[in-house]
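Reviewing the structure listed below.
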Amino acid sequence: MNVDEMIANSYRNFHVKGFDYLCVKRTPEHTRKVYFFDGNVSQLPEVVSPHDHRYDFATTVLSGVMSNSTYWEIPRGHHLGSEARVYNEFRWDTPLNGGDGFTFNKETALIEDRRLRYHPGQTYQMLAEDLHTIRMHSEGTVIVLDQYADRVPIGHPTRTFMLDREAPKLDGLYERFTPDQLTARLRQYEQLLSAVQFKTAA
Numbered sequence: 476m477n478v479d480e481m482i483a484n485s486y487r488n489f490h491v492k493g494f495d496y497l498c499v500k501r502t503p504e505h506t507r508k509v510y511f512f513d514g515n516v517s518q519l520p521e522v523v524s525p526h527d528h529r530y531d532f533a534t535t536v537l538s539g540v541m542s543n544s545t546y547w548e549i550p551r552g553h554h555l556g557s558e559a560r561v562y563n564e565f566r567w568d569t570p571l572n573g574g575d576g577f578t579f580n581k582e583t584a585l586i587e588d589r590r591l592r593y594h595p596g597q598t599y600q601m602l603a604e605d606l607h608t609i610r611m612h613s614e615g616t617v618i619v620l621d622q623y624a625d626r627v628p629i630g631h632p633t634r635t636f637m638l639d640r641e642a643p644k645l646d647g648l649y650e651r652f653t654p655d656q657l658t659a660r661l662r663q664y665e666q667l668l669s670a671v672q673f674k675t676a677a
């Protein structure tokens with residue numbers, strides 16, 4: 476991708492402030508995203524609420540430390556143990572693809588069944604239907620997400636689970652990079668990539 480194509484597909488303050496998303500490759504079969512976490516985002520209890528995806532993906536840490544938490548959904552009518560929490564389930568139809576954002580759906584009980592830490596060079600894989608969230612444990616963490624072919628078509632919402640009934644505001648998010656800002660992030664990614672070896676789709 477050239478710089479103009481990267482700018483068209485990349486965002487500053489992606490989902491939350493301090494979370495920059497650089498797109499370095501985009502095809503229907505394989506998209507490579509580089510996520511940069513700076514400032515207060517490393518202090519958040521979680522970067523984003525538990526959610527699923529439209530695609531299967533693999534995540535590799537280039538710098539810093541992060542953790543990935545996975546969740547089970549508890550069917551209605553089942554006993555809720557002490558570790559279960561009731562979330563507000565929202566449909567998420569991204570405005571970046573012309574959607575209307577968050578729409579409340581129902582209450583859903585989830586239980587966090589695993590939380591694992593990852594360090595530079597380590598990779599984990601997720602299926603589109605898996606529920607998860609991530610946490611950063613050091614400022615300046617950088618991760619690569621290799622996104623594979625969509626399994627949920629654009630225009631069909633995914634799911635996000637929040638403890639609050641009111642969806643967060645999107646004001647001030649999804650800002651565009653300037654060419655200089657993008658070039659600086661691309662240089663940072665290339666320097667980190669040369670220091671960490673990992674195997675992903677070509």
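Just add 475 to wherever you are in the sequence shown, counting from 1, and you've got our numbering.
Heads up, the beta-carbon is just placed ideally off N, CA and C, and yes, glycines get one too.
Quantities reported herein were computed from a predicted structural model and do not represent experimental measurements.
Looking at the unbroken alpha helix (DSSP H) that takes in Tyr623, where does it start and where does it end?
Premise fails: Tyr623 lies in the beta strand (DSSP E), 616-625, not in any alpha helix (DSSP H).
When DSSP labels each residue in this structure, what does Ser542 get in the three-state scheme?
strand
In the DSSP assignment, find the unbroken alpha helix (DSSP H) run with Ala659 in it and report its ends.
654-670
Does the beta-carbon of Asp655 have 16 or more other beta-carbons within 10 angstroms, so that it is buried, or is it exposed?
exposed
Considering Cα atoms alone, identify which of Tyr593, Trp567, Ile482 is closest to Thr578.
Trp567
Who are the near neighbours of Leu497 in its chain, counting only those whose CB is closer than 6 Å to its CB and skipping five residues on each side?
Ser485, Val509, Arg660
Cβ-based burial, Ser613 [other Cβ within 10 Å; buried from 16]:
exposed
So, for Glu548: in the same chain, excluding its five sequence neighbours on each side, which residues have a beta-carbon less than 8 Å away from its beta-carbon?
Thr583, Ala584, Leu585, Leu606
Is the beta carbon of Thr447 sitting closer than 8 Å to the one on Ser517?
This structure leaves residue 447 out entirely; the chain is present only between 476 and 677.
Would you grab the beta carbon distance between Glu521 and Tyr623 for me? Rounded to a whole angstrom, and I think it's under 8 Å.
With a Cβ gap of about 24 Å, Glu521 and Tyr623 do not count as contacting.
Terminal residues of the continuous beta strand (DSSP E) containing Asn563?
560-568
For Ile482, the three-state DSSP class (helix, strand or coil):
helix
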